[in-house]
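Here the UniProt record's numbering is used: the first residue of the sequence shown is 1, the next is one more, and so on.
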Amino acid sequence: MEEEEEEEEEEEEEEEEEEEEEEEEEEEEEEEEEEEEEEEEEEEEEWNERKRRYRKRKRMDYKSVLEYKAKMTKRRMTMMVMNTRRRGGEEGRRENGRKEEEKEEGRKKRKRKEERRERGRKKRKRKQYREKMSLYFFWWFGGGSAFVVLS
Numbered sequence: 001m002e003e004e005e006e007e008e009e010e011e012e013e014e015e016e017e018e019e020e021e022e023e024e025e026e027e028e029e030e031e032e033e034e035e036e037e038e039e040e041e042e043e044e045e046e047w048n049e050r051k052r053r054y055r056k057r058k059r060m061d062y063k064s065v066l067e068y069k070a071k072m073t074k075r076r077m078t079m080m081v082m083n084t085r086r087r088g089g090e091e092g093r094r095e096n097g098r099k100e101e102e103k104e105e106g107r108k109k110r111k112r113k114e115e116r117r118e119r120g121r122k123k124r125k126r127k128q129y130r131e132k133m134s135l136y137f138f139w140w141f142g143g144g145s146a147f148v149v150l151s
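Have a look at this one:
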């Protein structure tokens with residue numbers, strides 16, 4: 001009887017230990033899940049903060065946009081004035097003449113290229129025609145036997 005009671009007590013102790021271990025494991029899992037959730041929340045907050053900073057940096061206030069546009073317009077106008085002055089004198093005339101010559105050279109080059117392409121096209125067509133006619137001629141004169149003799 002005493003042995004049975006001892007065995008029952010031991011079994012109860014073992015069951016209690018197992019239950020305690022299971023509870024500890026569950027607590028650890030819950031803690032891990034909570035930590036993961038906290039990390040995800042932190043990452044999301046960081047991401048939102050980064051987006052907010054980027055938008056703020058990207059967005060210029062209206063006044064600075066107007067100032068920037070005015071500055072660029074002024075710069076563009078001064079460049080146009082400088083260019084007209086530069087081209088207005090003797091140097092400008094020479095520069096314009098050189099540009100016209102370059103355009104003319106480009107036209108001639110394109111024309112020569114097109115003529116060369118056209119000659120190649122005609123040459124290919126003549127070759128195809130000759131080939132076709134020779135095959136036709138060969139067939140007309142019963143070329144089968146001649147072909148056998150030749151080969």
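Note that beta-carbon positions come from the ideal geometry of N, C-alpha and C, so glycine has one too.
Item                                                                                                                                  : Value
How long is the line joining the alpha carbons of residue 134 and residue 127, rounded to whole angstroms?                            : 11 angstroms
What separation, rounded to the nearest whole angstrom, lies between the Cα atoms of residue 73 and residue 119?                      : 52 angstroms
Would you report the Cα separation of residue 45 and residue 17, rounded to the nearest angstrom?                                     : 42 angstroms
Give the secondary structure of residue 133 by DSSP, where H, G and I count as helix, E and B as strand, and everything else as coil. : helix
How is residue 16 classed by DSSP in three states: helix, strand or coil?                                                             : helix
Measuring only the C-alpha atoms, how far is residue 4 from residue 12?                                                               : 12 angstroms
Quick one: what does DSSP say residue 141 is sitting in, helix, strand or coil?                                                       : coil
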